[in-house]
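Trainee: Read left to right, the sequence shown gives residues 3 to 114 (the numbering used here).
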Amino acid sequence: MLQARQGNQRDGITGALICRRDIYLQLLEGPGPVVRAAYDRIRRDDRHLDVRLHVTDPVSARLFADWAMLHDPAQSLIWSPDHLTDDRRKDLPPDELRRIFTDLSAAAQHRP
Ligand SMILES: Cc1cc2nc3c(=O)[nH]c(=O)nc-3n(C[C@H](O)[C@H](O)[C@H](O)COP(=O)(O)O)c2cc1C
């Protein structure tokens with residue numbers, strides 16, 4: 003996480019990382035070229051298996067402007083244990099993905 007935050011601070015990237023067991027769902031926001039470069043680094047990193055790109059949206063405002071990478075290890079329940087073993091669930095519909103991060107951003111505004 004430190005490595006992610008340092009890289010993101012340098013590049014003007016913000017976002018959020020949701021972790022459940024060994025599954026990560028991550029939102030990166032910032033200028034297109036630096037976000038694409040960060041995504042390429044993540045994809046090259048051999049600690050990651052089965053990296054998938056779900057949604058790329060042009061946005062006018064950031065959801066996590068104050069976070070170099072908000073870490074959400076447990077607060078928001080997204081996948082049940084059954085879902086985690088069902089490979090199809092890893093391909094969530096774009097609207098559901100947008101809602102997950104919009105909700106997390108709203109909840110994060112109340113965190114210290
Ligand atoms: C779960 C996870 C999330 C990561 N998120 C980011 C990130 O948001 N930005 C970033 O620059 N690196 C992130 N990293 C680190 C990259 O995978 C990579 O190790 C780092 O960018 C250095 O890449 P390089 O050795 O090719 O320069 C993440 C690593 C892990 C394990």
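For glycine and all other residues, C-beta sits at the position ideal for the given N, C-alpha and C. Being a predicted model, the structure only gives us computed values, none of them experimental.
For the beta strand (DSSP E) that Ala18 lies in, which residues bound it at each end?
Mentor: Run containing Ala18: 16-22, per the beta strand (DSSP E) assignment.
Trainee: Does the region 36-46 come close enough to the region 61-69 to have 3 or more Cβ pairs within less than 8 Å?
Mentor: Too few Cβ pairs lie closer than 8 Å, so no.
Trainee: Does DSSP put Leu29 in a helix, in a strand, or in coil?
Mentor: The answer is strand: DSSP assigns Leu29 an E or B state.
Trainee: From the DSSP output, in three-state form, read off Asp74 for me.
Mentor: In the structure shown, Asp74 sits in a strand (DSSP, three-state: E or B).
Trainee: Just the Cα atoms here: how many angstroms apart are Glu31 and Thr16?
Mentor: Taking the straight line joining both Cα atoms gives about 5 Å.
Trainee: Locate the alpha helix (DSSP H) running through Ala108, then write down its first and last residues.
Mentor: Segment 96-110, the alpha helix (DSSP H) holding Ala108.
Trainee: Please report the residue range of the alpha helix (DSSP H) in which Pro35 lies.
Mentor: Unbroken alpha helix (DSSP H) run through Pro35: 34-46.
Trainee: Quick check on Leu55: buried or exposed, where buried means 16 or more other Cβ atoms within 10 Å of its Cβ?
Mentor: Exposed.
Trainee: Return yes when the Cβ of Val53 is within less than 8 Å of the Cβ of Ile44, no when it is not.
Mentor: Contact: yes.
Trainee: So Gly14 and Pro33 are supposed to be a Cβ contact under 8 Å. How far apart are they, rounded?
Mentor: Right, their Cβ atoms sit about 7 Å apart.
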